[in-house]
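Structure first, then comments.
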Amino acid sequence: MQGLMMTQALTIGSLMAHAQRLHPHQQIVSVTADHGVFRYAYRDCFARSARLANALARLGMDRGDRVATLAWNDHRHMELYYAVSCSGGICHTVNPRLFPEQIRWILDHAEARLLFIDAMFLPLVEKLAPALQHIEHIVVMSGAQAMPATALPNVLCYETLLEEADAHFDWPTLDADDAAALCYTSGTTGNPKGVLYSHRALLLHAYACTMPDVMNLARHDVVLPVVPMFHVNAWGVPYAAILVGAKLVLPGPKMGDGETLAGLMDDEGVTLALGVPTVWQGLLEYLRKSSRKLRTLRRTIVGGSACPLSMMQAFEREQNVWVHHAWGMTELSPLGTFNAPPPGYDALPEDEQARLRASQGRPVFGIELKIVDDDNTQLPWDGKAFGALKVRGPWVCSGYYRETDNTASHDADGWFDTGDVASIDADGYMTITDRTKDVIKSGGEWISSIALENIALSHPGVRAAAVIGVQHKKWDERPLLLIVPGEPAPTRDAMLAHFEGRVAKWWIPDDVVFVDELPLTATGKISKLTLRQRYADHALPGDG
Ligand code: ADP
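The numbering of the sequence shown is my numbering, which starts it at 330 and goes up by one.
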């Protein structure tokens, strides 16, 4: 027997309609290249989205068409998120930090017909344009006065399009399973892969994000996503914040700059900010140098790569800001696990508190986790056994866009192989040991690069650290530590001595290399791939 309940579709349009009705006056603040700080209310945002939807229709956007963006976090990008998805298109965010050839490949693969760009990306697009096979119009997200000159024939001005468009748009009724957004993984090996989000997945993900033991989002929050809108929908914040009616602060192009961030946080009363560890490291260094205390920030959510425990502790001690560790992936919309302290946390011994803090947290309802060995046999949740991490859930991709064979990523039961190695404790706290390709295999045993990096970063003379495996005649691979030293810089011997008593002797790195900076990927994570290539021939002491 079926239940007798209504079946209104879970769509982004329903979210927009709710917010328009319930939170029309809530603010969106945006830093744009051509405007400085711009602020308006939700209702203005959605009114402009309606105009934009008319403009998209005029430019020929049909249902299911991909509308690509190369843009930072600002209000116009927000308008596109809603105008495109709610009118039946697919908002296809592209990461402008990728190599131009990858951007071209992605745009061609997605067969995007319209491309919306920040003015600063026009030189890049001018170079790519002759090779782009499907793009019909390029829209520069700027006002008419700030439009850059270009020789390209098919370039339009965003604000002019909006001015000329009708204010009323009849939003269509869409199916919850219709595609709403598209984002490609960075593709560190091979070509990038497209993850095609449905309305239902994005909406359920937004619900999940707001829960108290997750982002705990409320109407009184002021949320600053420092994670780009071109990377997994800014971790779902443009939907979750709108769902609860929180004030949204979009930081524009200068997201990596500590001073800009601190200024925005204080000026706008930001209570929650989200981003990858490198962003927070930069902010922390700026705050220390300027002896500045953040006035309103109380929580940050850090994910994308392992957040060092030392950084979490520093934020808490120096700024009274609690750092929540979270884990996710493009393929998971992105949230998989979230770290909130368990009841009784304050009474736990310090080392147990530290173990819990460093963990990536517990699965959010909706996400099922399991760890398996090489034979796909489930491993126990005992906090010790570690294996390949697999996930299932309504906001996990069931396959890649335009990929017919998904057997490499999905097993016969539909579990998605994350490519991460993890352990899970009896209470469900999951700890990532490594990405499968980053784990160091020494004499048939595994060494966790993340665990070693955490220890290196707890040394006061280390600003940034990475551990990679390099070839070794006897042990196959041994760990090599790379550090960006602070002041005073530690000696090599002092650095290695710092590991003693903190890990098994055979885990201690064989050598230390001092560098000025570590290479980053297009999503702001330390690029282990680049490091492995760079240090492939590094001669380890004693490996003659
Ligand atoms: P890419 O890094 O290729 O751009 P994603 O952003 O989807 O793509 O990266 C997902 C990966 O990032 C995960 O599989 C995991 O290896 C890593 N990751 C994400 N969050 C964390 C975290 N909190 N701790 C450790 N690793 C993380």
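Note that the Cβ used here is the ideal one computed from N, Cα and C, for glycine as well.
Does the Cβ of residue i have 16 or more other Cβ atoms within 10 Å, making it buried, or fewer, making it exposed?
i: Pro-709; result: exposed
i: Asp-363; result: buried
i: Leu-351; result: exposed
i: Pro-672; result: exposed
i: Ile-430; result: Looking at the sequence itself, residue 430 is Glu, so the reference to Ile does not match. Glu-430 comes out exposed.
i: Ser-527; result: buried
i: Asn-483; result: exposed
i: Arg-368; result: exposed
i: Phe-428; result: exposed
i: Leu-333; result: exposed
i: Arg-617; result: exposed
i: Leu-451; result: buried
i: Ser-619; result: exposed
i: Gly-633; result: buried
Leaving aside the five residues before and after residue i along the sequence, list all residues of the same chain whose C-beta is less than 7 Å from its C-beta, in chain order.
i: Val-543; result: Ala-537, Phe-667 and Val-693
i: His-534; result: Gly-565, Ser-662, Leu-664 and Trp-724
i: Thr-539; result: Leu-546, Ala-569, Leu-572 and Val-573
i: Gln-462; result: Asp-437
Does the ligand ADP have a heavy atom nearer than 7 Å to the CB of residue i?
i: Ser-515; result: yes
i: Cys-636; result: yes
i: Ile-341; result: no
i: Met-544; result: no
i: Thr-659; result: yes
i: Gln-355; result: no
i: Lys-854; result: yes
i: Pro-692; result: no
i: Gly-689; result: For the record, residue 689 in the displayed sequence is Gln; it is not Gly. The answer is yes for Gln-689.
i: Pro-663; result: yes
i: Ile-432; result: no
i: Gly-417; result: no
i: Asp-749; result: yes
i: Gly-798; result: no
i: Trp-656; result: yes
i: Thr-629; result: no
i: Ile-784; result: no
i: Ile-761; result: yes
i: Gly-757; result: no
Less than 6 Å between C-beta atoms, sequence neighbours within five positions excluded: which residues of the same chain meet that for residue i?
i: Thr-607; result: Gly-853
i: Val-796; result: Ser-778, Leu-781, Glu-782, Pro-808 and Leu-810
i: Gln-648; result: Leu-623
i: Ile-776; result: Ile-769, Pro-808 and Trp-836
i: Phe-498; result: Ala-379, Ala-382 and Asn-383
i: Gly-716; result: Ile-700, Val-701, Asp-702 and Leu-708
i: Val-524; result: Cys-512, Thr-659, Glu-660 and Cys-726
i: Arg-392; result: Gly-417
Since residue i is in the alpha helix (DSSP H), which residue starts that stretch and which ends it?
i: Ala-348; result: 341-351
i: Leu-409; result: 404-415
i: Gly-592; result: 587-597
i: Leu-869; result: Note, Leu-869: premise wrong, no alpha helix (DSSP H); not H, not E.
i: Ala-535; result: 528-539
i: Leu-603; result: From DSSP, Leu-603 is part of no alpha helix (DSSP H) but of the beta strand (DSSP E) over 601-604.
i: Arg-646; result: 638-648
i: Ala-509; result: No alpha helix (DSSP H) holds Ala-509; the beta strand (DSSP E) holding it covers 508-513.
i: Leu-485; result: Unbroken run through Leu-485 is the beta strand (DSSP E), 484-486; no alpha helix (DSSP H).
i: Val-573; result: 566-573
i: Leu-318; result: Because the chain spans 330 through 873 in this model, residue 318 falls outside it and cannot be assessed.
Quick one: what's residue i bridged to in DSSP?
i: Tyr-369; result: Ile-357
i: Ser-771; result: Glu-774 and Asp-805
i: Gln-707; result: Val-701
i: Arg-395; result: Ile-419
i: Phe-843; result: Ile-812
i: Leu-444; result: Ala-397 and Ile-467
i: Glu-455; result: DSSP output for Glu-455 lists no bridge partner at all.
i: Val-720; result: Leu-698 and Phe-745
i: Ala-655; result: Phe-667
i: Phe-559; result: Its beta-bridge partners do not exist; DSSP assigns none.
i: Gly-830; result: Gly-830 pairs with nothing; no bridge assigned.
Return the chain-ordered list of same chain residues with a C-beta closer than 8 Å to the C-beta of residue i, the five sequence neighbours on each side being excluded.
i: Glu-597; result: Val-358, Val-551, Leu-553, Lys-576 and Val-578
i: His-867; result: Val-799, Leu-809, Asp-840 and Val-842
i: Ser-688; result: His-654, Asn-668, Asp-754, Tyr-758, Met-759 and Thr-760
i: Glu-816; result: Gly-790
i: Ala-505; result: Ala-338, Leu-339, Thr-340, Ser-527, His-528, Arg-529 and Leu-532
i: Arg-621; result: Ala-591 and Tyr-615
I need the boundaries of the beta strand (DSSP E) containing residue i, first residue and last residue.
i: Met-759; result: 759-764
i: Lys-576; result: 576-579
i: Leu-546; result: Counting along the chain, Leu-546 falls outside any beta strand (DSSP E), and DSSP gives it neither H nor E.
i: Asp-746; result: 745-753
i: Thr-629; result: 628-631
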